[in-house]
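Residues in the sequence shown are numbered from -4 upward in steps of one, following the numbering used here. Every residue gets a Cβ at the ideal spot worked out from N, C-alpha and C, and that includes glycine.
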Amino acid sequence: MSKQNGFVEQTLANGLRVVIEPMPQVQSVAAGFLVRTGARDEPPELAGVSHFLEHMCFKGTAKRTWRDITVDFDNMGSTYNAYTSKERTSFFGWVRVEDLERQLELLADMMRSAIPPDEFEMEKKVVLDEIARSEDSIEHRVYDQIHRTAYGDHSLSWPVLGTDKTVGAMSREQLHAYFASRYQPANLVMVVTGAVDPKAVIGIAERLCGEWPAAAARPERRRPAAIPEGTTVIQTDRFQQQALVLAYPAPSAVDVDRETADVCLSILGGHNSRFFWNIIQEGVAPHVSVGRVDYCDVGMMIAFGFCEPSNSEKVLDAMRREIGTLSSDGPSEDEVQRVKNRARTSLALEAESPYYRYTQVVQDVDVLGRPRTVADRLGAIDAVTVGSIGIYTEAWPMTGVGCLTSLGPRDWPRM
């Protein structure tokens, strides 16, 4: 058992890593499993298998039916959830300290899912319905499209949900084989945050998971090619709005200037941002924003605009203008300080909740290989300055052609 920066860690003999953050000042605990697999780890014919597996882990084990799983969560009063992303899957629950072992036992049992054959086809229909509903969301459609445009035939371009074709054709045998290769100790991390005794947690981990058979870790991931410049137009009458997305390369999840990137983009398109005051409040578009997606080896800055199709030129010009002005002139001290103050407050509030600390520790362990304390996170925010933002915009330029996607009823722009 090792202790460092307030965290306690232990790797079991079979390869399962246990990461614990004791929080003696609270009266609850969040606990769960990080599964180091997501959409980018899937072969093209199995696109969506990680998300489908997330569903199936709630559908039954050798000990429990899906009803038992649901009732057992509720009997603890657990706030529980799971999610799948491009790079990870996570299952977790937030309970009273007294229910920690019960919570971990339930979640550990789910990690040994039976993938019940009698539930497989029913749950496939649920996932296919979720895919169909996502097709009715312009936000989902354009988000998936910018990934296809940016990453081409790389697995980062697969939608997390998969497609109706890949999920529809997926067999239980294929899903089970993927499950067996990924949901194994070397690819799992147990994370616990809250008012706990670390020795007791490690004892629980040994009892629940110590007999799981060891297996090889996941294969190395393939890095995608650079984001291409150019324009992609998807004309569809499914929506009344036009979605415009402008993307540029940005720091990956492991780059040192990720916090600088977040502050910079918040000034540009976050709360009380330049996009808000100079585009939304001026009546140019009802919704514009800027965000950043980051993965273990690449990242992407994405500026979104949703508007009346006839207003597309004005919106794109306005987004480019604000991006260009910030890139050339930089932010003011007041803008930087305001965003940093919001980030500090958010971190301070989240630091009091085992639930939020769980999600932060999971992200750090997955992408950085190590957890960060709240002080580490605050220090990274405090280090952002007007000067560091200037260095960032030079290193990661957001001007030029970029990677533009236009989706909506208008066939625009055509080069």
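- In terms of CA proximity to N267, H282 leads the group A256, T255, L11 and H282.
- Put simply, of D67, V396 and A181 the residue whose alpha carbon is nearest the alpha carbon of V30 is A181.
- The DSSP-derived three-state label of Q20 is coil.
- Between the beta-carbon of Q179 and that of A210 there is about 4 angstroms, and that keeps the pair under the 8 angstroms contact cut.
- Using a Cβ distance threshold of 8 angstroms, G403 and P304 count as a contacting pair.
- A direct Cα-to-Cα measurement between M393 and D289 gives close to 16 angstroms.
- If you draw a straight line from the Cα of S307 to the Cα of Y138, it is about 18 angstroms long.
- Around the beta carbon of Q235, fewer than 16 other beta carbons sit within 10 angstroms, so the residue counts as exposed.
- In the structure shown, C204 falls within a helical segment according to DSSP collapsed to helix, strand and coil.
- With respect to A190, M18 sits close: the two C-beta atoms are nearer than 8 angstroms.
- Here S323 is exposed. Its C-beta has fewer than 16 other C-beta atoms within 10 Å.
- I15 is classed as buried because its beta carbon has at least 16 other beta carbons within 10 Å across all chains shown.
- Rounded to the nearest angstrom, the Cβ distance from G286 to I297 is 5 angstroms, consistent with a contact under 8 angstroms.
- DSSP, reduced to helix, strand and coil, places S322 within a helical segment of the structure shown.
- For I297, the enclosing beta strand (DSSP E) covers residues G294 to C302.
- Shown here, E37 sits in coil according to DSSP, grouped into three states, outside any helix or strand.
- The DSSP-derived three-state label of M106 is coil.
- Within the DSSP secondary-structure output, T227 pairs in a beta bridge with T400.
- The Cβ neighbour count for G265, taken over all protein chains shown within 10 Å, is at least 16; the residue is labelled buried.
- Annotation: A175 to E224 spans about 39 angstroms, alpha carbon to alpha carbon.
- With respect to V331, V258 sits close: the two C-beta atoms are nearer than 8 angstroms.
- As the crow flies, the alpha-carbon of F301 is around 28 angstroms from that of E389.
- Boundaries for N76: no alpha helix (DSSP H) harbours it, while the beta strand (DSSP E) harbouring it runs T74 to T79, taken from the DSSP string.
- Annotation for R167: the continuous alpha helix (DSSP H) segment containing it runs R167 to R177.
- In terms of Cβ geometry, E345 and Y351 form a close pair [threshold 8 angstroms].
- Pairing V379 with T188 gives a Cβ-Cβ distance that is not under 8 angstroms.
- For a cut-off of 8 angstroms, the C-beta gap from M165 to I110 is around 12 angstroms, too long to register as a contact.
- Remark: three or more beta-carbon pairs, one from each stretch, lie closer than 8 angstroms, so the segment 144 to 163 and the segment 37 to 46 are flagged as touching.
- For A343 and V369, the gap between their C-alpha atoms comes out near 8 angstroms.
- For a cut-off of 8 angstroms, the C-beta gap from V362 to V249 is around 6 angstroms, short enough to register as a contact.
- Runs of the beta strand (DSSP E) spanning 3 or more residues and lying entirely within the segment 249 to 291 occur at 282 to 289, in chain order.
- Per the DSSP secondary-structure output, V90 pairs in a beta bridge with V24.
- Buried is the label assigned to I64, since at least 16 other Cβ atoms lie within 10 Å of its Cβ.
- Sorting V293, Y146 and Q(-1) by C-alpha distance to the C-alpha of T227 places Y146 at the top.
- Of K119, S132, R128 and P349, the smallest CA-CA separation from V90 is found for P349.
- Annotation for Q358: the continuous alpha helix (DSSP H) segment containing it runs P349 to V362.
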